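*Asks:* Residue numbers (this note's numbering): 74 to 279.
Attaching a single structure in structure tokens format; questions to follow.
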């Protein structure tokens with residue numbers, strides 16, 4: 074993800090900040106599973122944090138939470154939230170998925186992001202390097218390769234003219250294979266919501 078991707082998400086930032094959750098129950102289920110793996114003393118990095126909605130929900134569970142996004146306007150919206158003023162241990166900064174300044178971390182979080190990374194193996198290697206031994210990658214990824222074939226006709230042309238992000242057509246199997254190939258041990262998987270192939274994966278760095 075480079076300047077083109079940052080520009081796309083900058084254009085989307087105001088709309089993204091105003092969006093309602095498509096499935097609140099699935100979102101809350103995901104947060105509950107993530108919290109089950111976090112400890113009060115953890116140092117956490119979230120990559121692709123968008124406008125910071127998930128960061129402000131999870132930051133109270135840990136001692137340090139750094140949330141990054143490639144799009145400056147996304148980070149600007151995140152910093153305008155009232156919640157971080159009461160959480161000095163939560164920091165928002167501009168950074169790409171491979172930017173892991175401040176490592177090592179106890180956990181790296183990536184929600185709705187991995188399908189946007191054309192160089193996913195390299196980014197997974199960077200995430201692994203940013204984790205302490207035994208540290209966790211917690212991710213949730215739309216597996217577009219298992220959704221309607223019409224998306225393959227619609228999204229690529231829109232991506233070429235800047236009206237949609239460029240995506241990787243992952244399946245659950247392909248996603249988990251790449252995570253394992255990057256040197257992670259997969260601890261838990263699930264779909265929230267099940268009908269949309271939104272794959273939740275928890276993986277440990279040995």
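The beta carbon of each residue, even a glycine, is placed where N, CA and C say it ideally should be.
Small disclaimer: the values here were computed from a predicted structure and weren't measured.
#1: Which runs of the alpha helix (DSSP H) spanning at least 4 residues fall entirely within the region 120-179, listed in chain order?
#2: I'd like the list of long-range same chain contacts for residue 199, defined as Cβ closer than 7 Å, with 5 residues on each side in sequence excluded.
#3: Kindly indicate which residue of 176, 256, 248, 255 has the alpha-carbon position closest to the one of residue 263.
#4: Could you tell me if residue 192 is buried or exposed, where buried requires 16 or more neighbouring beta carbons within 10 angstroms of its beta carbon?
#5: Give me the DSSP bridge partner(s) of residue 118.
#6: On the DSSP bridge list, what partners appear for residue 272?
#7: Among 85, 83, 273, whose alpha-carbon lies nearest the alpha-carbon of residue 182?
#8: Report yes if the C-beta distance between residue 133 and residue 160 is below 8 Å; otherwise report no.
#9: What would DSSP say about residue 189, mapped onto helix, strand or coil?
#10: So, with DSSP's three-state summary, where would you put residue 285?
#11: Tell me, to the nearest whole angstrom, how far the beta carbon of residue 194 is from that of residue 255; I am working on the premise that it is less than 8 Å.
#12: Residue 258 and residue 211 look like a contact to me (Cβ under 8 Å); what is the Cβ gap, rounded to whole Å?
#13: Nearest-angstrom Cα distance between residue 112 and residue 203?
#14: In terms of DSSP beta bridges, what is residue 277 paired with?
#15: On the premise that residue 129 lies in contact with residue 154, defined as a C-beta separation below 8 Å, what is that separation, rounded to the nearest angstrom?
*Replies:* Walking through what the data contain:
#1: Runs of alpha helix (DSSP H) with 4 or more residues, each lying fully within the region 120-179, are found at 126-131, 145-152, listed in chain order.
#2: Against the chain shown, residue 199 aligns to sequence position 126. 171, 173, listed in sequence order.
#3: Within the chain shown, numbered from 1, the residue matching residue 263 stands at position 190. If you compare the alpha carbons of 176, 256, 248, 255 with that of residue 263, the shortest gap goes to 248.
#4: Translated into positions along the chain shown, residue 192 becomes position 119. Exposed, by the Cβ-count rule.
#5: The sequence position of residue 118 within the chain shown is 45, counting from 1. Per the DSSP secondary-structure output, residue 118 pairs in a beta bridge with 139, 181.
#6: Position 199 of the chain shown holds residue 272. BP columns for residue 272 point to 214, 264.
#7: The sequence position of residue 182 within the chain shown is 109, counting from 1. The shortest Cα separation from residue 182 among 85, 83, 273 belongs to 273.
#8: The residue you call residue 133 lines up with position 60 of the chain shown. The residue you call residue 160 lines up with position 87 of the chain shown. Yes, these two residues count as a Cβ contact at 8 Å.
#9: The sequence position of residue 189 within the chain shown is 116, counting from 1. Under the three-state reduction of DSSP, residue 189 is assigned to helix.
#10: One cannot answer for residue 285 here, as it falls past the ends of the chain, which runs 74 to 279.
#11: Your numbering for residue 194 matches position 121 in the chain shown. Your numbering for residue 255 matches position 182 in the chain shown. Contact between residue 194 and residue 255 holds: their C-beta atoms lie close to 6 Å from each other, under 8 Å.
#12: Your numbering for residue 258 matches position 185 in the chain shown. Your numbering for residue 211 matches position 138 in the chain shown. Their Cβ separation, rounded to whole angstroms, is 13 Å, which puts residue 258 and residue 211 out of contact at 8 Å.
#13: As a working mapping, residue 112 is identified with position 39 in the chain shown. As a working mapping, residue 203 is identified with position 130 in the chain shown. If I take the Cα positions, the gap works out to 18 Å.
#14: In the chain shown, residue 277 corresponds to position 204, counting from 1. According to DSSP, which records beta bridges pairwise, residue 277 is partnered with 209, 258.
#15: On the chain shown, position 81 is the one that residue 154 refers to. On the chain shown, position 56 is the one that residue 129 refers to. The pair is a contact, with the Cβ atoms about 6 Å apart (cut-off 8 Å).
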